[in-house]
Amino acid sequence: AGLPRTSTSSLQAGLQILGYDPCYHTIPHLLPNASIQGPMWLKAINTRDKAVRQNILAEIVSGYSAIVDGPGCFFVEDWVEMYPDAKFVLGMRKSPQAWLDSVVGSIGKAFDKGPIYYLVYFVPEMHFGFIMNNLWDAQTFEKYGVRVRTTDFYLKHNNEVRRIVPKERLLEFQAADGWAPLCDFLGKERPTGDFPHVNDSKAANRLMRSFVMNGLGVWTAIALGVYGAYWGLSSLLL
98 AGLPRTSTSS
108 LQAGLQILGY
118 DPCYHTIPHL
128 LPNASIQGPM
138 WLKAINTRDK
148 AVRQNILAEI
158 VSGYSAIVDG
168 PGCFFVEDWV
178 EMYPDAKFVL
188 GMRKSPQAWL
198 DSVVGSIGKA
208 FDKGPIYYLV
218 YFVPEMHFGF
228 IMNNLWDAQT
238 FEKYGVRVRT
248 TDFYLKHNNE
258 VRRIVPKERL
268 LEFQAADGWA
278 PLCDFLGKER
288 PTGDFPHVND
298 SKAANRLMRS
308 FVMNGLGVWT
318 AIALGVYGAY
328 WGLSSLLL
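Basically the working numbering = 1-based index in the sequence shown + 97.
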């Protein structure tokens, strides 16, 4: 139920160690399949008909034992209704500002309409991301009166999760808390070894670098196409 940039990769790794495998996460599961799953998520976001939306969500997570990160965290009310025995982990950061700094310093770079934005605009995975980000932002403003990349959104989302999820089914968790609270909440034995700490920023930045390289390839192809068309047209006019 936690927002992106709340150690969701670490939580995913921890849940899979505990047997909730596979656990759906944006980076390994959605982005490589954006051409197929992207339209499904967008349809779910846009669909006001609850039955239709929940059918789409059920299809997306079919075969998975758990889900973390976005876009799943924006459908908590649906998940509570669809899976009455499910438990929810609300990923937290040490402060709202720490969350915002993490967003702005990683995935947020692609949405600032600076050089990176234009470089990756035609990369299919990022193009889907831009559309979804705009929808989230519009719907967040409609619902809460705030924008997504603000500390107010972090606070409002977390309070909404607390309102929706019954207390006995909700754990507020930071990766620094370690195994104990998570295992006690889920009724699992504590594994040997430390709780996994996956560097979300490094993973996100590696992914962004690959998108930038793909974007450079797309823009090179566009430039060559325009150049070829120009010379082809010029030869016809001579």
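Positions of the beta carbon are idealized from the N, C-alpha and C atoms, including for glycine.
#1: Tell me the DSSP secondary structure of Val-262 in three-state form.
#2: Which value, in whole angstroms, describes the spacing of the CA atoms of Phe-172 and Asn-130?
#3: Determine the closest residue to Ala-273 out of Arg-260, Trp-176, Met-189, with distance taken between C-alpha atoms.
#4: In the DSSP output, which residue or residues are listed as bridge partners for Val-186?
#5: Counting only runs that start and end within the stretch 139-190, where is the beta strand (DSSP E) found for 3 or more residues in a row?
#6: Relative to the C-alpha of Asn-230, which candidate in His-294, Gly-290, Gly-135, Pro-125 has its C-alpha closest?
#7: Determine whether the beta carbon atoms of Pro-263 and Val-177 lie at a separation below 9 Å.
#8: With which residues is Cys-120 paired in a DSSP beta bridge?
#9: Given Leu-197, which residues of its chain have a CB within under 6 Å of its CB, disregarding the five upstream and five downstream residues?
#10: Spatial neighbours of Ser-132 within its chain, please: CB distance less than 7 Å, with the 5 preceding and 5 following residues excluded, ordered by chain position.
#11: With DSSP run on the structure shown, which of helix, strand or coil describes Phe-225?
#12: Pairs of beta-carbons, one from the stretch 144-158 and one from the stretch 241-259, closer than 8 Å: are there three or more?
#13: Below 9 Å between beta carbons: does that hold for Val-201 and Leu-267?
#14: Assuming Leu-232 contacts Ile-124 under a Cβ cut-off of 8 Å, what Cβ separation, rounded to an integer in Å, is found between them?
#15: Under the rule that 16 or more other beta-carbon atoms within 10 Å means buried, what is His-294, buried or exposed?
#16: Helix, strand or coil for Phe-292, going by three-state DSSP, please let me know.
#17: Rounding to the nearest angstrom, what Cα-Cα distance links Ala-148 and Ile-261 in this structure?
#18: Is it buried or exposed for Thr-317, if we count other Cβ within 10 angstroms and need 16 for buried?
Straight from the coordinates:
#1: coil
#2: 20 Å
#3: Met-189
#4: Leu-268
#5: 185-188
#6: Gly-135
#7: yes
#8: Ala-163
#9: Thr-248
#10: Pro-221
#11: helix
#12: no
#13: no
#14: About 20 Å separates the two Cβ atoms, so there is no contact after all.
#15: exposed
#16: coil
#17: 18 Å
#18: exposed
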